[in-house]
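Enquirer: Chains as they are written, first to last, in this note's numbering: chain U, 17 to 415; chain X, 5 to 156.
Could you have a look at this structure, given as structure tokens, before my questions?
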Ligand code: FES
Ligand SMILES: [Fe+2]
């Protein structure tokens, strides 16, 4: 077919509605606000790894869906999460990204809260007596917190289902890796990019874009092994890539060495490559010797903040640590070969979807849920559609 | 004779300009064979020092050779350096501490600050002239947007 005129270009693709998306889902402010309410304020979202709050008083702050949170381990050992907003006049209470505290003191008027969120002290409280206000009624807002395989998840919806029900079996590929290695976070990075969060998430779910990555072309794409790659979709939009077709020969890239099986994380061989996504924004990736957990926060329709945690066994020697740092940086560091390419890809799509130059995108590859099938993208947009009450293709919208 | 401030300044300016120009061969030519380029940063999130980049001379050469094949941040970088303290460690060795700003200019000619930090450069006097023996880029900036395929 030759080039297309504007009518053809602007017409929806002649595909089932599950097999394409329409550009306005990446830029429409009302859709973005709807996503915040219907998705991000309702789902379990990765907050941190429990090693980050290992001891009583350890805390970690984060922010998503416009809500600042502080995750803290109490003196009783329980990990709780609070909205990081003072009950008095709304000031941010904890400012540092991480640390240790015995209680939370708001800088503004020194209202104080213990690590269970109770308000324990108010300077000169008697002036509130006339209004029958006292510290018993002024605790922090607590947020649902769950733990699974060492991962700490939070949910802004008080009425949400349990974390176990939400995740189901979707972490099965990582259970051994997460529980048998006594992991801690050895490297952490975050990045803000100019792209809608779904443009970023698609780089996690689109298997076909492997060809964009020079390092993957040289180390892991084997057209003959595509059939041994399996795509699994779980309820609630979680997905997993696995199978023997996923393996990598790291010495295929100039300057990189083979990875030794003896250095692999427990539960993996050195050449194993696995990934799992927990809808909508939490991921695990493993490449033999290294593992990464990641998540992201949509900031507005056109900006997304992404966080990555590199995990290593607490028992690592200095040499192991150096090896893991090197392997992690090859692909996933901010100066790595892969992650900057994925971030660029998301921004370059934003260049076109943001100002409406691109109308539709096609997610129609079918390979029987093997190889480079677009089944992950379709599963993601199916779940997105269920929660949003609309189709990502625009089908059924009033024009 | 110790390494003069002028000579050290010229070397570090040249290193930055070669990187800005992506003239990798010229950059490697002013590096010692034992050269190592590290980029480190402290994470207040995990309360640790991290290494984000760590390559020796051969590793850099291999890495540079594949650069043209990669999808990369578009536009150019400019490393603006202010040379501070020079510590003479031996007659032929000095450590130079500089501050830098790395500015990205996009394809439309718009410039934005990408990163700031310090360079800790080891410079060595050799019979062939002054050489960069090691660079440790200590980043203050931790959010690098799309990141970079080349060291800052
Ligand atoms: S705003 Fe926190 S004590 Fe007043
Ligand atoms: Fe990718």
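Ideal Cβ positions, reconstructed from N, Cα and C, are used throughout, including at glycine.
1. Which residue's Cα is closest to the Cα of residue 13 of chain X: X:111, X:99, X:116?
2. Assign residue 268 of chain U to one of three DSSP states: helix, strand, or coil.
3. Assuming residue 347 of chain U and residue 211 of chain U form a contact by the criterion Cβ under 8 Å, report the distance between their Cβ atoms to the nearest whole angstrom.
4. Would you verify that the beta carbon of residue 85 of chain X is, or is not, closer than 8 Å to some beta carbon of chain U?
5. Is any heavy atom of ligand 1 found at a distance shorter than 7 Å from the C-beta of residue 225 of chain U?
6. Return yes when the C-beta of residue 105 of chain U is under 7 Å from any heavy atom of ligand 1, and no when it is not.
7. May I ask you to verify whether the segment 42-51 of chain U touches the segment 151-161 of chain U, counting CB pairs closer than 8 Å and requiring at least 3?
8. Comparing the C-beta of residue 56 of chain X with each C-beta of chain U, is any distance below 8 Å?
9. With a threshold of 8 Å between beta carbons, is residue 207 of chain U in contact with chain X?
10. At least one CB of chain U closer than 8 Å to the CB of residue 50 of chain X: is that the case?
11. Short check: CB of residue 110 of chain U to CB of residue 94 of chain U, under 8 Å?
12. At the level of alpha carbons, what is the spacing between residue 1 of chain U and residue 80 of chain U?
13. Can you tell me whether residue 91 of chain X is buried or exposed, with buried defined as 16 or more other CB within 10 angstroms of its CB?
14. Taking 8 Å as the threshold (beta carbon to beta carbon), is residue 70 of chain X in contact with chain U?
15. Pairs of beta-carbons, one from the segment 296-314 of chain U and one from the segment 275-288 of chain U, closer than 8 Å: are there three or more?
16. Would you tell me roughly how many angstroms separate the C-alpha atoms of residue 16 of chain X and residue 362 of chain U, rounded to the nearest one?
17. Are the segment 390-400 of chain U and the segment 211-228 of chain U touching, with three or more C-beta to C-beta distances below 8 Å?
18. Report yes if the CB atom of residue 105 of chain U is closer than 8 Å to the CB atom of residue 123 of chain U, and no otherwise.
19. Going straight from the alpha carbon of residue 359 of chain U to that of residue 149 of chain X, what length do you get?
20. Nearer than 7 Å: is that true of the beta carbon of residue 358 of chain U relative to any heavy atom of ligand 2?
21. Starting from the beta carbon of residue 191 of chain U, find every residue of chain X whose beta carbon is closer than 9 Å, and list them in chain order.
22. Identify each residue in the segment 333-349 of chain U for which the Cβ-Cβ distance to at least one residue of chain X is less than 9 Å, and report them in chain order.
23. What number of angstroms, rounded off, separates the C-alpha of residue 265 of chain U from the C-alpha of residue 238 of chain U?
24. Is any beta-carbon of chain U found at less than 8 Å from that of residue 135 of chain X?
25. Please find out if some non-hydrogen atom of ligand 1 comes closer than 7 Å to the beta-carbon of residue 117 of chain X.
26. Report the three-state DSSP secondary structure of residue 274 of chain U (helix, strand or coil).
27. With a threshold of 8 Å on Cβ separation, who are the neighbours of residue 2 of chain X within its own chain once the five nearest residues in sequence on each side are excluded?
28. Out of curiosity, what's the CA-to-CA distance linking residue 145 of chain X and residue 116 of chain X?
29. Could you work out which residues of chain U lie near residue 43 of chain X, taking near to mean beta carbons separated by less than 7 Å?
30. Given the structure, does residue 126 of chain U come close to ligand 1, in the sense that its CB is under 7 Å from one of the ligand's heavy atoms?
31. In its own chain, which residues sit with a C-beta less than 8 Å from the C-beta of residue 69 of chain U, not counting the 5 before and 5 after it?
32. If we count Cβ pairs, one from each stretch, closer than 8 Å, do we get three or more for the segment 59-71 of chain X versus the segment 135-144 of chain X?
33. Could one say the Cβ of residue 201 of chain U lies closer than 8 Å to chain X's Cβ atoms, at least one of them?
Expert: In brief:
1. For residue 13 of chain X, the closest C-alpha among the options X:111, X:99, X:116 is that of X:99.
2. Helix, per DSSP.
3. The pair is not a contact, with the Cβ atoms about 20 Å apart (cut-off 8 Å).
4. Proximity of residue 85 of chain X to chain U, defined by a Cβ-Cβ separation below 8 Å, is not satisfied.
5. No, the beta carbon of residue 225 of chain U sits no closer than 7 Å to any heavy atom of ligand 1.
6. Checking the Cβ of residue 105 of chain U against ligand 1 gives yes.
7. With a cut-off of 8 Å, the segment 151-161 of chain U and the segment 42-51 of chain U do not count as touching, because too few Cβ pairs lie within range.
8. Chain U contact via Cβ: present.
9. So, interface residue.
10. A Cβ of chain U is located within less than 8 Å of the beta carbon of residue 50 of chain X.
11. No.
12. Residue numbering for chain U in the displayed model covers 17 to 415; residue 1 of chain U lies beyond these limits and cannot be assessed.
13. By the neighbour-count criterion, in which 16 or more other beta carbons inside 10 Å mark a residue as buried, residue 91 of chain X falls on the exposed side.
14. With 8 Å as the cut-off, residue 70 of chain X counts as an interface residue toward chain U.
15. Touching, yes.
16. The alpha-carbon atoms of residue 16 of chain X and residue 362 of chain U are separated by roughly 35 Å.
17. Yes: the two stretches touch, three or more of their Cβ pairs being nearer than 8 Å.
18. No, these two residues do not count as a Cβ contact at 8 Å.
19. Annotation: residue 359 of chain U to residue 149 of chain X spans about 8 Å, alpha carbon to alpha carbon.
20. Yes, since a heavy atom of ligand 2 falls inside the 7 Å radius drawn around the Cβ of residue 358 of chain U.
21. Within 9 Å Cβ-Cβ: nothing; residue 191 of chain U doesn't reach chain X, min ~24 Å.
22. From the segment 333-349 of chain U, only 338, 341, 342, 345, 349 have a Cβ closer than 9 Å to chain X.
23. Rounded to the nearest whole angstrom, the C-alpha separation of residue 265 of chain U and residue 238 of chain U is 11 Å.
24. Taking Cβ atoms only, chain U never reaches closer than 8 Å to residue 135 of chain X, which makes this a no.
25. The answer is no for residue 117 of chain X.
26. It is coil, neither helix nor strand.
27. This structure cannot settle anything about residue 2 of chain X, because the visible part of chain X is limited to 5 through 156.
28. Residue 145 of chain X and residue 116 of chain X have their C-alpha atoms spaced approximately 13 Å apart.
29. The contacting residues are 351.
30. Checking the Cβ of residue 126 of chain U against ligand 1 gives yes.
31. Hits under 8 Å: 75, 76, 87, 88, 89, 95, 168.
32. They do not touch, by the three-pair rule.
33. Interface residue, yes.
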